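Peer 1:
Number of protein chains: 2
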Amino acid sequence: MSIFKTALRGYSTTQGLLPTTIKSLYKQISNPPQTVDQINGWVKSVRLLKKVGFIDLQDGSCLNALKVVVPITQLEETEFLKSLKTGQSVSVTGALWNNTPQREQPFELKIADPLNTLSVTGDVSNSYPLQKKAHSIPFLRSLPTLKHRTTYLGSLLRFRSAIEHAISETLESDQFIKVAPPILTSSDCEGAGELFKVASTSGDGYFGKPTFLTVSAQLHLEIMALALSRCYSLIPCFRAEKSDTNRHLSEFWMLELEMCFIDDVHKLTTFVESMLRRVVKSCYDRIDELIPQVDFRDSLSKEEIIERWNLLLSPKPWANITYTDAIEILIEKHKKEPFPKYEPIWGESLQTEHEKWLADKYFNSPVFVTDYPRDCKAFYMKLNTDSPAGRETVACFDLLFPDMGEVVGGSIREDSYQLIFDEVERRNMNRSGELDWYLSLRKEGTVSHGGFGLGLERFVSYLYGNHNIRDAIPFHRSASGNINL
Amino acid sequence: MSIFKTALRGYSTTQGLLPTTIKSLYKQISNPPQTVDQINGWVKSVRLLKKVGFIDLQDGSCLNALKVVVPITQLEETEFLKSLKTGQSVSVTGALWNNTPQREQPFELKIADPLNTLSVTGDVSNSYPLQKKAHSIPFLRSLPTLKHRTTYLGSLLRFRSAIEHAISETLESDQFIKVAPPILTSSDCEGAGELFKVASTSGDGYFGKPTFLTVSAQLHLEIMALALSRCYSLIPCFRAEKSDTNRHLSEFWMLELEMCFIDDVHKLTTFVESMLRRVVKSCYDRIDELIPQVDFRDSLSKEEIIERWNLLLSPKPWANITYTDAIEILIEKHKKEPFPKYEPIWGESLQTEHEKWLADKYFNSPVFVTDYPRDCKAFYMKLNTDSPAGRETVACFDLLFPDMGEVVGGSIREDSYQLIFDEVERRNMNRSGELDWYLSLRKEGTVSHGGFGLGLERFVSYLYGNHNIRDAIPFHRSASGNINL
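So the sequence lines, in the order shown, correspond to chains A and B. Position one of the first sequence corresponds to residue 1 (the numbering used here), numbered consecutively onward. Position one of the second sequence corresponds to residue 1001 (the numbering used here), numbered consecutively onward.
See below:
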């Protein structure tokens, strides 16, 4: 087989092909060019002194702005610089690089003759709503076409991208194969929650049977795990619930992962901890590039964010407790000081107030709660055969984060045909055979397997410190009905 | 800020945490262990001689199978090995590593006492349809829960994953930020084609206005490009057309990319060429790991695939021609030897027969066709102001691959508010103001920008050599209506 030494000649780099970004200027700090031929961006702010103007440009390629210094030699120049407005797009040519190691920004660009070297390429309207000052998040949400230009929400987009990249790097190194399970499906996965129904605009019956938007890829992932040993997906999922809280979205992205030859839920929790630590660590090494300094009530401060990340990266392993032990602890606490709304009772789901107290107060750590009662969880989870009659539990876990609650949920899957068949019967499911295909997997080379799902917007929001997950997706869809574009 | 030297202690590697895969055994060839404690997989085939048995195991982690050699010392062992069936899951313990550099497979595992060291963990039914022989693709499509276990379709899943990874690596290195545009939208992008309509199962009006599945993320990407300079998305898109060909899917994944400060369609085509060359090159270096040797009529042979990749990686730049020049060439050819169905005429779309002849015969190369007539293309493409009146063209391109036709389509976008407003008027679009938000982008810091879309399944299929793109997505959705799971 011939080797293409020349295959990438001229194609291996986009140097010179794509326009210069502010990010690429920052990358050149240790070996800067004397001049920058051209740089484009949007005006962030302008400050004028008598003899000199300072223009901060942004281009969204990175958190940093670019300072352009303009010595003023004539009145027309002052007038021109005065006329510049936040949000205008501009092009700067023939700028000199000037190192400024003593200042906060390590360099600036300097131009002379701004009337000829700085041109406005796109104006803004008089009602352009973004100004130098910080705007409240609810106000920004009302500006879906412009809000991503702000430092805070632009950085959130870049951060989400970094998280996705870190996840895929981590899973790639662990031999997980990325797959694309279907969005359109006739399956409702675990039968939980409201669905969205899909029809062709040219009439119903396009697919010959009722078709829905997926709520979870898990059942399809199990098919592929049984072929590939390890796989994962990152796809949009859809829930039509009316929940309209700061933790719910109708359209959200979910990381789901499934692997074979695993039969112990604690191996699964150890893997989840390892994976999330690696993801957070890779971002920790770039924290100043990823997390802006902000000071408004819609977000944690950078210091509080670092504290969160420190907690996740603590040398101490994350807490790990069974549901049954957790209930005992909660009952003890409830005796001394009752929970405001719910008494903890074995056999009932943990309520948010219970989860928060466990993670925030009792452990002050991420905590895996494992082995929930069978009836609290979905039908496909593996029965713990050593659990006492009447107190059957399943080999599952929820991962609770302090200040957040559930971030990941997973389980070992029931791999015995007879046991899963019995469970489906007991729950009165599969009345018209719609799960036959799924059950049949346990008849054909079944193996122990397990996996989990992580809501991407929740995870991103936790790390970025934004209080409402709808800001962690560029255009949120939620029960309050905003779908104007 | 403190540094977490201990943050990953015990978490930086999954060595020992996850079970051994066949892939990880192949990675140890240069420094093999003496014994392998445990390896799991599925029986691919069994061959029995008098005194020795050979079992080929697969686990889907890689293309390679694992050969397990079993010396036979007693009748019960023969009986046991005879009873093994293709598709059963098995677990092998305490195997010895044996290098076999003289054979095709560089090593094998050897076990003694198979009754105790090889156990069947999951049986198959008597009707298990996959056997050692190759099955036809149409037959495999009828087995959606099992088909991915075949070498051919399992490799296709791994290949798709490799392509996605190569794309994200390439774009990451070029500072593109991955974003998640909405799937649910009230926009129909360019107004082309049938849509899927979405409603909550608990009643209509969930979002307060008609809601559809996206056909393209482009308009939303433009919003984000104007904030970030460069962004891309890889999301499922949906078309409800009745086209049921080997190149159409109702649900498909599309790579879409948008960048600012670019005003020349040839810069865009150079970028596309560079990006795709880098993606193909990164797979070329692993071709033996990615592409199986097959010999059936549903696919190209590996030799033919290599030929295709060679063509893409040719040191010669890909062909680049304007639509107008292409039409002239086509007219010349049509005069000498007419096309079977369509006469080439300036102002009409290129037909598939024209595209194929250009790429396959005339250029024998990927070819960018640029600057199509305005009325052949979508409303948002930038008008070539130097095009003659009555023969207006737009700054766009289609990338045609030999044997395939269009794989990528893109353009510089019209960034002038007045020109795009006029064009929308001319086309009688935006009657109820549904594009106002999009047009308004040209009023607020507009910049030259452009981008393109690539149908992932088409690109993967072209490189993998499968003839029907529905095999390049794990569960295909097409107008023929198969949605049984």
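Quick reminder that beta carbons are idealized off the backbone N, C-alpha and C, glycines included. Nothing here was measured: the structure is a model prediction, and the numbers come from that model.
Tell me, please, whether the stretch 1457 to 1471 of chain B touches the stretch 122 to 142 of chain A by the rule of three or more beta-carbon pairs shorter than 8 Å.
Peer 2: The answer is no - the stretch 122 to 142 of chain A does not touch the stretch 1457 to 1471 of chain B, with fewer than three Cβ pairs under 8 Å.
Peer 1: Going along the chain, which residues of the stretch 87 to 107 of chain A sit with their C-beta nearer than 7 Å to a C-beta in chain B?
Peer 2: Correct list: GLY87, GLN88, SER89.
Peer 1: Using the Cβ count rule (16 or more neighbours within 10 Å means buried), how would you classify A:TRP309?
Peer 2: Taking the first residue of the first sequence as 1, we reach residue 309 of chain A at position 309. Buried, by the Cβ-count rule.
Peer 1: Check for me: the beta strand (DSSP E) holding A:LYS62 runs from which residue to which?
Peer 2: Taking the first sequence and counting its residues from 1, one reaches residue 62 of chain A at position 62. First, the residue type needs correcting, since residue 62 of chain A is Cys and not Lys in the sequence shown. That residue, A:CYS62, is in no beta strand (DSSP E); it is neither H nor E in DSSP.
Peer 1: Taking A:VAL424 as the reference, give the member of A:SER365, A:ARG278, A:ALA378 with the closest Cα.
Peer 2: Numbered from its first residue, the first sequence carries residue 424 of chain A at position 424. The residue with the shortest Cα to Cα distance from A:VAL424 is A:ALA378.
Peer 1: Is there at least one Cβ from chain A nearer than 8 Å to B:VAL1369's Cβ?
Peer 2: As a working note, residue 1369 of chain B is residue 369 in the second sequence. Not an interface residue.
Peer 1: Terminal residues of the continuous alpha helix (DSSP H) containing B:LYS990?
Peer 2: The structure shown has nothing for residue 990 of chain B, since chain B only spans 1001 to 1485.
Peer 1: Leaving out five residues on either side along the sequence, give the residues of the same chain with a beta carbon under 7 Å from the beta carbon of A:LYS82.
Peer 2: Within the first sequence, the letter at position 82 stands for residue 82 of chain A. Only LEU48 meet the Cβ criterion.
Peer 1: Can you name the start and end residues of the alpha helix (DSSP H) that B:ASN1116 belongs to?
Peer 2: Walking along the second sequence from the start, residue 1116 of chain B turns up at place 116. Note, B:ASN1116: alpha helix (DSSP H), 1114 to 1117.
Peer 1: In angstroms, rounded to a whole number, what distance separates the CA positions of A:ILE499 and B:LEU1146?
Peer 2: Here chain A has residues from 1 to 485 only, and residue 499 of chain A is not among them.
Peer 1: Would you mind sorting B:SER1155 into buried or exposed? The rule is 16 or more other CB atoms within 10 Å of its CB.
Peer 2: One-based indexing of the second sequence puts residue 1155 of chain B at position 155. Buried, because 16 or more other Cβ atoms sit within 10 Å of the Cβ of B:SER1155.
Peer 1: Less than 8 Å between the C-beta atoms of A:TYR380 and A:GLU414, yes or no?
Peer 2: Along the first sequence, read from residue 1 onward, the residue named residue 380 of chain A stands at position 380. Along the first sequence, read from residue 1 onward, the residue named residue 414 of chain A stands at position 414. Yes. Within cutoff.
Peer 1: Using the Cα positions of A:LYS5 and B:ASP1285, report the straight-line distance between them to the nearest angstrom.
Peer 2: Along the first sequence, read from residue 1 onward, the residue named residue 5 of chain A stands at position 5. Along the second sequence, read from residue 1 onward, the residue named residue 1285 of chain B stands at position 285. Unreliable positioning characterises A:LYS5 in this predicted model, as indicated by a pLDDT of 46, which lies under 50. The coordinate reading is nonetheless provided below. Answer to the nearest angstrom: the Cα atoms are 11 Å apart.
Peer 1: What distance in whole Å lies between the Cβ atoms of B:LEU1084 and B:ALA1095, which are believed to be in contact at a cut-off of 8 Å?
Peer 2: Indexing the second sequence from 1 puts residue 1095 of chain B at position 95. Indexing the second sequence from 1 puts residue 1084 of chain B at position 84. So it is not a contact: roughly 16 Å between Cβ atoms.
Peer 1: What are the residues that DSSP puts in a beta bridge with B:ARG1230?
Peer 2: Numbered from 1 along the second sequence, position 230 holds the residue referred to as residue 1230 of chain B. Partner(s): B:MET1259.
Peer 1: At least one CB of chain B closer than 8 Å to the CB of A:PRO366: is that the case?
Peer 2: Translated into the one-based positions of the first sequence, residue 366 of chain A becomes position 366. Judged by the 8 Å Cβ criterion, A:PRO366 is not in contact with chain B.
Peer 1: For a contact meaning CB atoms closer than 7 Å, what does B:TRP1042 contact in chain A?
Peer 2: What you label residue 1042 of chain B is simply residue 42 of the second sequence in a count that begins at 1. Result: GLY445.
Peer 1: At a CB-CB cut-off below 9 Å, which residues of chain C make contact with A:GLY410?
Peer 2: Considering every chain present, this structure includes no chain C. Its protein chains are A and B.
Peer 1: Taking A:GLN131 as part of the beta strand (DSSP E), name the residues at either end of that continuous run.
Peer 2: For the purposes of this step, residue 131 of chain A is identified with residue 131 of the first sequence, where counting begins at 1. Unbroken run through A:GLN131: none, as it is neither H nor E.
Peer 1: Per DSSP, B:GLU1108 forms a beta bridge with which residues?
Peer 2: The sequence position of residue 1108 of chain B within the second sequence is 108, counting from 1. In DSSP, B:GLU1108 forms a bridge with B:ASN1098.
Peer 1: Rounded to whole angstroms, what is the Cα-Cα separation between A:HIS449 and B:SER1216?
Peer 2: In the first sequence, the residue the question calls residue 449 of chain A occupies position 449. In the second sequence, the residue the question calls residue 1216 of chain B occupies position 216. Spanning the two alpha carbons is a distance of roughly 36 Å.
Peer 1: Helix, strand or coil for A:SER2 per DSSP?
Peer 2: Along the first sequence, read from residue 1 onward, the residue named residue 2 of chain A stands at position 2. Unreliable placement is indicated for A:SER2, whose pLDDT of 40 sits below 50; no coordinate value is reported for it.
Peer 1: For the beta strand (DSSP E) that A:ASP555 lies in, which residues bound it at each end?
Peer 2: Nothing about residue 555 of chain A can be reported from this structure: the residues present for chain A run from 1 to 485 only.
Peer 1: Can you find a CB in chain B that lies within less than 8 Å of the CB of A:ASN484?
Peer 2: Here residue 484 of chain A refers to the residue found at position 484 when the first sequence is read from its first residue. Yes, A:ASN484 lies at the interface with chain B (some Cβ there is under 8 Å from its Cβ).
Peer 1: DSSP beta-bridge partners for A:ASP398?
Peer 2: Here the question's residue 398 of chain A lines up with position 398 in the first sequence. Per DSSP, A:VAL369, A:GLY409.
Peer 1: CB-CB under 6 Å to B:THR1446, same chain, minus the five flanking residues each way: which ones, in chain order?
Peer 2: Mapped onto the second sequence, residue 1446 of chain B falls at position 446. Counting only Cβ-Cβ distances below 6 Å, and skipping sequence neighbours, we find ASP1415.
Peer 1: According to the neighbour-count rule (16 or more other Cβ atoms, all chains shown, within 10 Å of its Cβ), is A:VAL43 buried or exposed?
Peer 2: In the first sequence, residue 43 of chain A corresponds to position 43, counting from 1. The residue is buried, with at least 16 neighbouring Cβ atoms inside 10 Å.
Peer 1: Taking any Cβ of chain B, which residues in the stretch 246 to 262 of chain A have a Cβ under 9 Å from it, in chain order?
Peer 2: Going along the stretch 246 to 262 of chain A in chain order, one finds SER250, GLU251, TRP253, MET259, CYS260, PHE261, ILE262 with a Cβ nearer than 9 Å to chain B.
Peer 1: Below 8 Å on the Cβ atoms is my contact criterion, and I expect B:MET1254 with B:GLY1453 to pass it. Report the Cβ-Cβ distance as a whole number of Å.
Peer 2: Counting from one through the second sequence, the residue named residue 1254 of chain B turns up at place 254. Counting from one through the second sequence, the residue named residue 1453 of chain B turns up at place 453. The Cβ separation is near 5 Å, so the contact holds.
Peer 1: Which residue from B:LEU1441, B:HIS1248, B:ARG1141 puts its Cα closest to that of A:PRO144?
Peer 2: In the first sequence, the residue the question calls residue 144 of chain A occupies position 144. Looking at the Cα atoms, B:LEU1441 is the closest of the given residues.
Peer 1: Does the Cβ of A:HIS266 have 16 or more other Cβ atoms within 10 Å, making it buried, or fewer, making it exposed?
Peer 2: Residue mapping note: residue 266 of chain A aligns to position 266 of the first sequence, counting from 1. When all chains shown are included, A:HIS266 counts as exposed.
Peer 1: Of all the CB atoms in chain A, is at least one closer than 8 Å to the CB of B:MET1001?
Peer 2: Here residue 1001 of chain B refers to the residue found at position 1 of the second sequence. At B:MET1001, the pLDDT of 36 sits below 50, so the modelled position is not reliable and the matter cannot be decided from this model.
Peer 1: Across the stretch 1348 to 1355 of chain B and the stretch 1223 to 1240 of chain B, are there enough close Cβ pairs to call them in contact, namely three or more that are closer than 8 Å?
Peer 2: Judged by Cβ distances under 8 Å, the stretch 1348 to 1355 of chain B makes no contact with the stretch 1223 to 1240 of chain B, as fewer than three pairs qualify.
Peer 1: Could you tell me the alpha carbon to alpha carbon distance between A:THR150 and A:LEU290, rounded to whole angstroms?
Peer 2: The residue labelled residue 150 of chain A in the question sits at position 150 within the first sequence. The residue labelled residue 290 of chain A in the question sits at position 290 within the first sequence. Distance between the alpha carbons of A:THR150 and A:LEU290 is about 14 Å.
Peer 1: Go through its chain and collect everything with a Cβ distance to A:THR245's Cβ below 8 Å, but skip five positions before and after it.
Peer 2: Your numbering for residue 245 of chain A matches position 245 in the first sequence. If we look at A:THR245 and ignore the five residues flanking it on each side, it has no Cβ neighbours.
Peer 1: Have a look at B:GLN1218 and B:CYS1062 and give me their C-alpha separation to the nearest angstrom.
Peer 2: Counting from 1 along the second sequence, the entry for residue 1218 of chain B is found at position 218. Counting from 1 along the second sequence, the entry for residue 1062 of chain B is found at position 62. Going from the Cα of B:GLN1218 to the Cα of B:CYS1062 covers about 35 Å.
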